[in-house]
Structures are given as C-alpha cells and as structure tokens.
Amino acid sequence: MTGVVVAGGGPAAHRLAAGLVRYGYGGAVTVAGAEPRPAYNRALLGSVLDGTLGADRLSLPALPAAVRQLTGVRVTAVDRVRRTVRTGDGHELPYDVLVLATGARPRVPRVPGLTTASGRLAEGVRTVRTAADCRPLPEGPVVVLGGGIRGVESAWALRRNGHEAALVHPADDLMERHLDAVGSTVVAQWLTDRGVTLHLGRRAGQYTRGKVVLDDGQVLAAGTVLLCTGTVAETALVRGSGLEVREGVIVDDRLRTGDPHIHAIGDCAEHAGTVGTTVLKAWEQAEALARILTGRGQPYEPGRPVLRPRTPGKDMVVLPPAGPGPTTGTGETVSLLDRARGRCARLVLRGGRIHEGAVIGSPCAVTAVSRLYTRNTPVPADLLALLTGADGEYAGDGALPEEAVVCHCNNVTSKALKDAWHCGAHDTAALARATRATTGCGSCASVVRELCTAFADDTTAQGARP
1 MTGVVVAGGG
11 PAAHRLAAGL
21 VRYGYGGAVT
31 VAGAEPRPAY
41 NRALLGSVLD
51 GTLGADRLSL
61 PALPAAVRQL
71 TGVRVTAVDR
81 VRRTVRTGDG
91 HELPYDVLVL
101 ATGARPRVPR
111 VPGLTTASGR
121 LAEGVRTVRT
131 AADCRPLPEG
141 PVVVLGGGIR
151 GVESAWALRR
161 NGHEAALVHP
171 ADDLMERHLD
181 AVGSTVVAQW
191 LTDRGVTLHL
201 GRRAGQYTRG
211 KVVLDDGQVL
221 AAGTVLLCTG
231 TVAETALVRG
241 SGLEVREGVI
251 VDDRLRTGDP
261 HIHAIGDCAE
271 HAGTVGTTVL
281 KAWEQAEALA
291 RILTGRGQPY
301 EPGRPVLRPR
311 TPGKDMVVLP
321 PAGPGPTTGT
331 GETVSLLDRA
341 RGRCARLVLR
351 GGRIHEGAVI
361 GSPCAVTAVS
371 RLYTRNTPVP
381 ADLLALLTGA
391 DGEYAGDGAL
401 PEEAVVCHCN
411 NVTSKALKDA
421 WHCGAHDTAA
431 LARATRATTG
441 CGSCASVVRE
451 LCTAFADDTT
461 AQGARP
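Per the UniProt record's numbering, the sequence shown starts with residue 1, numbered consecutively.
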C-alpha cells in the first residue's frame, strides 16, 4: 500500500491528514504544499492585516509524526495510469489515493496597469490570500478593490491599523451576494462613520504607481492597491487529464472525481454545482473524506455553516440558503431595521425554520439566530425578541452540544473548551491560550464567557451533591 498523497498544503489538506491518522488509516500519508510553511488559518489573515496578530500566530497545530509533510513542493503533473504525481523539484510520488486540495487563486480584474507584461502583479498591488500578502504595508493610502465580505473585512482592518482606506465596488450595494439593500446600507454607513471612503457603482479604469483612476475619471491616491475581487478554483493540475472540470473539479457524494482513485476537497472541488469558498466548508469536506477513506463515513452531505464576517465592533452573520426547502411557496420573510443603532435583520423562514438570512449589529441576536440555523430547529413565536436579542432562552443558555463549533476561526468545539477548563483554564483568557478560541475575529467571546460560567456552575453543583 503506497497510501494517500494530498496535493496542496492548506487548511483542507491539514484537516484531512490529521483526520486520517485519528481514524486509524493504515497506509502512508503525504502532504505536498507549494507554500514554504506548514498549513495556517487563512480565515485570520484580516487579523494580520489590522496588526492584532503576527503571521507566526496563524499556524495550525503540527500534524502527527506519521504524516510526511513537504513544504515548498508543488505537485505539477498527475499520471493517472501509473498512479503517480510529479513535483516541481522533479520527484515522483506514487499513490493509492490522490486528494486534490489545491485551493483557489485570487481573481485579478482586467484593469490596465494592475499586472505586468509577464502577468505578475504590478508594484504596489497585492491580494489577500496568503500570509505573505499580509506583510506590513508601506505608508500611504490604500485602495481596496471589491466590496464583498473580504473587501469589507479588509477595509475595516486597514482603518484599525491606521491606514487611510478607500473601497471601490462596481455594484451599488456592498456584499450584495449576501445582503439585501437595507443590510448593505447599514454596513456602508458603519464603514463610512469609521473613515472608510466608499466608491460604490464605480470600477477601476486604470492603475499607475501611486494612483487609481476610476471609470468616471476620479483619481484616488494609492500607496497600495488591495485586490479583494474573489477567487478562482485552482484546477490547472488536472485540466486535460480527462477529469471533469467546470468551475471546480467535479466530485460526487463521496468527494470522488470520475477517477475512483482521485478525490477533491476544499476550494478546488465542485460538489452539487457549488464550489466551496470558505475554510469551514473545506474543513467539513476534509473531515468527511477522512471518514470515508477509513471506512467510517457516510456519503458527504453539506452542513449548514454560517458566514461570520470578521468585523470587530459590528457583529454580523450571514446564513446561506440551506438546501431547496419545501417545494411550495417561497417562505415567509421577516425583517427588522433599527437605523439609529445600526441594527438590522432579515430571515426567510420555511416550515417554521430559518432557510436563509442575515443579522447585523446585535451580538445576542447573531448568536441566537446562528444556533437556530445550524441546528435547524424551529424559531420561537416571539420573532421580535429573537431579532433584537431579547429572548434569553435562545440568546445563550450555555447548554451547547459537545460537538458544536464555538470558535469558527479556529474550529474550537464546546467539548474542547470544556476539556481545557477541566485542565485548569478557568477564565476566558486562559481558555484562549489553551484553545485559541476568541483569538480570531473575537465574535465568539461572549459565548466562551457564558460557557466558562456554565462549567464553573456545573462543577460547583457536582461538588455540592452528597
């Protein structure tokens, strides 16, 4: 048995390799990643951009010793007949199972001046994809191109780090793929109030060192241009190999391509017409494939992961559509707007459960709605109390199931926090040191505090029993 070879060294590859060892896989496991460092949490890049975390703090836990980890080694070719891959340094690696975890690359808009004749990014232009991208920026104003989640996160991170920031977005609304016009307006006002200059409905027309010219002729000073214009699945490795590739590499419910010896996970994989673009989705697929390859797993079924934009100071959650839902009707839409406090919510309900939606500006409501959505449980009768965070029953009772993920940035479960508490981490700071919970976007801090209190109360109650 030659074992599993993973092409790619990011979070998905890391989670898969660790899972294979944990579930007792009997063969060799080799991870080959092109970056010069082991896997790290890309979800926390914004915290490097705003200066609250050093790039060295992003690293994921070391893989088990049984895993052969190759850094700075890119897989460049696949021989499906011989079941080998070739690496950029000329070596061949045989495999029983090949897993494509090649991720995605930044989408670079076709704006004159952004790239050189050779196709490289011009001086002063960066993306936000790797730790190297988030090295300290030079002094001077920064222009962010793109107003999706990454663009909003990056613009706010830059302001927190003292940079003058302008955000250019071709649509009239920010985060228009995830928010309605009301939600976009609330986010836009929040950014504007904090010093981010918005240019909505505008495109970059040309870049020259030090400035961006918009399509209406405006000239923006730009010491740096930050591209937050989406990603493209990295499928070059298998294009022309006979495997089906559309937007990503097509996989079935066992995360398997048309070749039974090749699987794909994470940002490069397309399952049921959808390409995963979040760390949570990549981790979910990696965990599922680890179980499948060790004979423990059922066919992959996508979960209900929430999107938590990392915008410290403005709690926000986006709930993507959760499957097709009932076939009759479009569901009930419930909306709330508190413009004075910068709060709003919009939920689409089907069968008394949350099908999709978003909540902005209310920490308790964000927590409560996220729980109802991920658990797929019925909403309470008092929806106003739910959306304003006034329903204590749903806002946080400390009674999370052990498998519930509390810190999505670092994938820390309720059980991991409880285990750390029983090992002596008896306050939020100690739990953060032990598990890294709260060290990302910080949006889970209130839940961690609640759990800490619940653990203490439970221990006290047990000690009082005869």
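Glycine is no exception: its CB is placed at the ideal position from the N, C-alpha and C atoms.
Check: Is P363 closer than 9 Å to G389 when the C-beta atoms are compared?; Outcome: yes
Check: What number of angstroms, rounded off, separates the C-alpha of V366 from the C-alpha of G201?; Outcome: 29 Å
Check: Tell me the DSSP secondary structure of A454 in three-state form.; Outcome: helix
Check: Within the chosen definition, does the segment 238 to 245 reach the segment 257 to 277 through at least 3 CB pairs nearer than 8 Å?; Outcome: yes
Check: My guess is that V99 and V85 are in contact by the Cβ rule of under 8 Å, so how many angstroms apart are they, rounded?; Outcome: In fact, because the Cβ distance is near 11 Å, the residues do not count as touching under 8 Å.
Check: Less than 7 Å between C-beta atoms, sequence neighbours within five positions excluded: which residues of the same chain meet that for F455?; Outcome: K418 and W421
Check: Let's test the definition: count the other Cβ atoms within 10 Å of the Cβ of P378 and tell me whether it reaches 16, buried, or not, exposed.; Outcome: exposed
Check: In terms of residues, what are the limits of the alpha helix (DSSP H) holding R15?; Outcome: P11 to R22
Check: Just verifying my parser: in three-state terms, what is the DSSP assignment at S241?; Outcome: coil
Check: Under three-state DSSP, which class holds Q298?; Outcome: coil
Check: In or out: T333 buried (at least 16 other Cβ within 10 Å) or exposed?; Outcome: exposed
Check: In whole angstroms, what separates the C-alpha of G303 from that of K211?; Outcome: 43 Å
Check: L227 and H263 look like a contact to me (Cβ under 8 Å); what is the Cβ gap, rounded to whole Å?; Outcome: That pair is no contact at about 30 Å.
Check: Taking DSSP's pairing of strands, which residues face L349 in a bridge?; Outcome: E332 and I354
Check: Can you grab the Cα-Cα spacing for the pair D56 / A132, in whole Å?; Outcome: 11 Å
Check: Using alpha carbons as the reference points, say which of L167, L387, R177 and E270 lies closest to R203.; Outcome: L167
Check: For E92, does the three-state DSSP call read helix, strand or coil?; Outcome: strand
Check: Taking only runs that begin and end inside the segment 31 to 88, name each unbroken beta strand (DSSP E) of 3 or more residues, in chain order.; Outcome: 67 to 71, 75 to 79 and 84 to 87
Check: Near T311, what residues of its chain come up, given a Cβ to Cβ distance below 7 Å and the 5 sequence neighbours on each side ignored?; Outcome: V152, E153 and W156
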